[in-house]
């Protein structure tokens, strides 16, 4: 069984829609990261969470430590949000989910 | 503040050769970690260095090695390249080992 599972694998949306990406894990962690990767490869760290909720602009990330689950929400999605979103577990090393490919169409 | 710099950006090597990739972390960051990304396996942890010492290592063969210098710059080396080593190699630097800043990666193609 994978230590981290992300869903969905692929997501398409119309501009303006509310997006949710989920991440479930089965190991103890000190924190969870949400990362964004655009075509070309560069990765940007969006959030690092150890509890509760964080918000940055249209992005919101939540984590429930007891349920071992985190979500990334994008409000009022825009074509520039099109990217791969990856959750990563902070243990003694980073353990990555397989990513969610999001495409937002105008 | 300059970001994490990886060189080269692209590299083509032949099977059996060796390759060295470089990563310059953000000034003041003492932790540098390396990752391999392939379409089949996704992102996988290679190793982490902190103050010139390897702190952790992923499940990769001994052909993959690394080091960190006193200025925190890090290099990774892959010897006896195989076709399956073709990947995007990313490094990330961290001040505390929690928050990470990633470089743009080196795309290695083995032919």
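Chains as they are written, first to last, in my numbering: chain W, 23 to 128; chain X, 36 to 146.
Heads up, the beta-carbon is just placed ideally off N, CA and C, and yes, glycines get one too.
Since this is a predicted model, take the numbers as computed values, not measurements.
Under the three-pair Cβ rule at 8 Å, the region 33–48 of chain W counts as touching the region 112–127 of chain W. In chain X, no part has a C-beta under 7 Å from the C-beta of residue 50(W); the shortest such distance is about 15 Å.
Below 8 Å, enough C-beta pairs join the region 119–135 of chain X and the region 50–70 of chain X to call them touching: three or more. Against chain W, a Cβ distance below 8 Å from residue 143(X) picks out nothing, because the smallest value is about 12 Å. Not a single C-beta of chain W is nearer than 8 Å to the C-beta of residue 46(X). Sequence-ordered contacts of the region 106–121 of chain W with chain X read 108, 110, 112, 114, 115, 116, 117, 118, 119, 120, 121 [C-beta pairs closer than 9 Å]. For residue 90(X), the enclosing beta strand (DSSP E) covers residues 88–92. By the Cβ neighbour-count rule, residue 104(X) is exposed, with fewer than 16 other Cβ atoms within 10 Å of its own.
Only buried fits residue 113(X), as 16 or more other CB atoms lie within 10 angstroms of its CB. Residue 42(X) sits exposed, since fewer than 16 C-beta atoms from the chains shown fall within 10 Å of its C-beta. Legend: CB atoms of the region 119–139 of chain X lying less than 9 Å from CB atoms of chain W belong to residues 123, 125, 127, 132, 133, 134, 135, 136, 137, 138, 139. Secondary structure at residue 64(W): coil, using DSSP grouped into helix, strand and coil.
The way I'd put it, the region 105–121 of chain W does touch the region 44–59 of chain W; three or more beta-carbon pairs between them come closer than 8 Å.
Nearest neighbour of residue 44(X) by Cα position, chosen from 53(X), 38(X), 57(X), 96(X), turns out to be 57(X). Between residue 82(X) and residue 91(X), the C-beta gap is smaller than 8 Å, which places the two residues in contact. Judged by DSSP secondary structure, residue 59(W) falls within the beta strand (DSSP E) whose first and last residues are 53–59. Of the other Cβ atoms in all chains shown, 16 or more fall within 10 Å of the Cβ of residue 112(W); this residue is therefore buried. At least 8 Å separates the beta-carbon of residue 111(X) from that of residue 97(X).
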